[in-house]
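Colleague: Quick note on the working numbering: the sequence shown kicks off at 4 and runs consecutively.
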Amino acid sequence: MARFWLCAGCTVFFLAFLILHSRFSGSSVLREFIFQISWRSEEILYKLDVGWPKHSEYFTGATFCVAVDSLNGLLYIAQRGDNIQKVLVFTEDGYFLRAWNYTVDTPHGMFAASTLYEQSIWITDVGNGSFGHTIKKYSSLGDLVQVLGTPGKKGTGLNPLQFDNPAELYVEDTGDIYIVDGDGGLNNRLIKLSQDFLMLWLHGENGTGPAKFNIPHSVTVDSSGRVWVADRGNKRIQVFDKDTGVWLGAWNNCFTEEGPSSVRFTPDGKYLIVAQLNLSRLLFVAAPPVGSIGYCSVISSIQLADQVLPHLLDVSGKTGAIYVAEIGAKQVQKYVPLKS
4 MARFWLCAGC TVFFLAFLIL HSRFSGSSVL REFIFQISWR SEEILYKLDV
54 GWPKHSEYFT GATFCVAVDS LNGLLYIAQR GDNIQKVLVF TEDGYFLRAW
104 NYTVDTPHGM FAASTLYEQS IWITDVGNGS FGHTIKKYSS LGDLVQVLGT
154 PGKKGTGLNP LQFDNPAELY VEDTGDIYIV DGDGGLNNRL IKLSQDFLML
204 WLHGENGTGP AKFNIPHSVT VDSSGRVWVA DRGNKRIQVF DKDTGVWLGA
254 WNNCFTEEGP SSVRFTPDGK YLIVAQLNLS RLLFVAAPPV GSIGYCSVIS
304 SIQLADQVLP HLLDVSGKTG AIYVAEIGAK QVQKYVPLKS
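Here is the structure:
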């Protein structure tokens with residue numbers, strides 16, 4: 004059945020024409036048109052906070068990732084460059100607090116695990132230097148607590164854990180860890196580890212079929228127990244059951260132009276926020292109900308300036324604010340939800 008996309012003014016004139024035509028000719032065109040027309044209107048959900056941050060001069064490198072500690076109202080930003088501080092710490096209001104540069108080579112992804120019992124920062128490191136190809140856990144002050152992988156050595160083994168360009172991770176409050184390993188390296192896999200770093204399940208193979216990947220770049224978990232992976236090279240999002248690892252489905256209809264580079268949910272779970280790097284665009288996609296992945300449906304979007312290049316993003320669990328790490332613009336921008 005044909006579908007029509009019409010501006011409001013065009014539709015008024017077209018409907019008037021159809022009404023007159025049907026009145027004098029007895030045609031059923033109007034009835035068919037009413038049932039075939041498809042309306043599409045985007046909601047405006049977020050706006051740019053132009054006053055954030057208070058001190059942008061601390062951005063001195065390419066900002067690749069950002070992590071929100073919602074419990075303490077803190078923001079961690081990792082940037083790349085020579086002779087610079089690799090990790091910057093801001094308040095969510097935009098005030099600079101401190102910086103550190105310990106055992107970080109080439110940061111790619113970050114996650115802030117913040118509970119009443121523990122506050123920690125996880126960083127994936129894709130560098131070829133002495134700290135690269137690892138996933139590192141730090142205290143909130145930058146003290147190194149745990150290293151997964153062999154620093155400076157890439158590989159494909161899991162016992163002991165071995166990574167090649169690990170892209171990002173997501174840590175649940177239970178301590179379970181989800182890792183996408185393969186930002187252009189040998190590996191294309193999704194791994195779930197227990198809080199004791201034991202492997203619970205794994206999907207790991209390059210390919211285009213279900214549960215196969217081509218540059219898995221970002222991972223998140225929703226409140227319904229589903230794991231969402233930005234399968235960037237395959238231009239799709241894949242979904243898995245977090246307990247069993249069973250493949251639940253995939254979305255590709257929203258990503259014909261470019262694959263997703265980052266995925267995070269809004270605090271209310273209504274929308275999945277997706278960044279598209281080279282298109283410099285953010286998409287707000289309706290989250291599907293439990294038991295049905297269905298098709299991707301874009302509710303809203305934000306078009307950034309050319310060459311801004313949004314790489315990875317994170318969302319405040321308290322305020323719903325979105326923080327976007329932009330490697331082209333070499334900055335982080337904040338978007339705040341509009342009040343209904």
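Beta carbons: idealized from backbone N, C-alpha and C, even for Gly. Nothing here was measured: the structure is a model prediction, and the numbers come from that model.
1) Around the C-beta of I325, are 16 or more other C-beta atoms found within 10 angstroms, so that it is buried, or is it exposed?
2) Between which two residues does the beta strand (DSSP E) harbouring P313 extend?
3) For the candidate residues T269, N281 and Q334, whose alpha-carbon lies nearest to that of L48?
4) With a threshold of 16 other CB atoms inside 10 Å of the CB of E45, please say whether the residue is buried or exposed.
5) Helix, strand or coil for E329? Go by DSSP, reduced to three states.
6) Would you tell me roughly how many angstroms separate the C-alpha atoms of R3 and T94, rounded to the nearest one?
7) Can you tell me the Cβ-Cβ gap for V148 and S123, rounded? I've got them flagged as a contact below 8 Å.
8) Taking its Cβ as the centre, do 16 or more other Cβ atoms sit within 10 Å of Y338, making it buried, or is it exposed?
9) What number of angstroms, rounded off, separates the C-alpha of P154 from the C-alpha of N168?
10) Hey, quick one: how far does the beta strand (DSSP E) through Q310 stretch, first residue to last?
11) Is the segment 316-324 in contact with the segment 64-82, if contact means three or more CB pairs nearer than 8 Å?
12) Assign R83 to one of two classes, buried (16 or more other C-beta atoms within 10 Å of its C-beta) or exposed (fewer than that).
13) Using the Cα positions of P56 and Q336, report the straight-line distance between them to the nearest angstrom.
14) Beta-carbon within less than 7 Å of R34's beta-carbon, same chain only, minus the 5 sequence neighbours each way: which residues are those?
Modeller: This is what the structure gives:
1) buried
2) P313 to V318
3) T269
4) exposed
5) strand
6) Residue numbering for the chain in the displayed model covers 4 to 343; residue 3 lies beyond these limits and cannot be assessed.
7) 7 Å
8) buried
9) 12 Å
10) Per DSSP, Q310 belongs to no beta strand (DSSP E) and is neither H nor E.
11) yes
12) buried
13) The alpha-carbon atoms of P56 and Q336 are separated by roughly 8 Å.
14) Any answer about R34 is weak, because its pLDDT of 35 lies below 50 and its placement is not dependable; what the coordinates show is given next. So the list is empty, once near-sequence residues are dropped.
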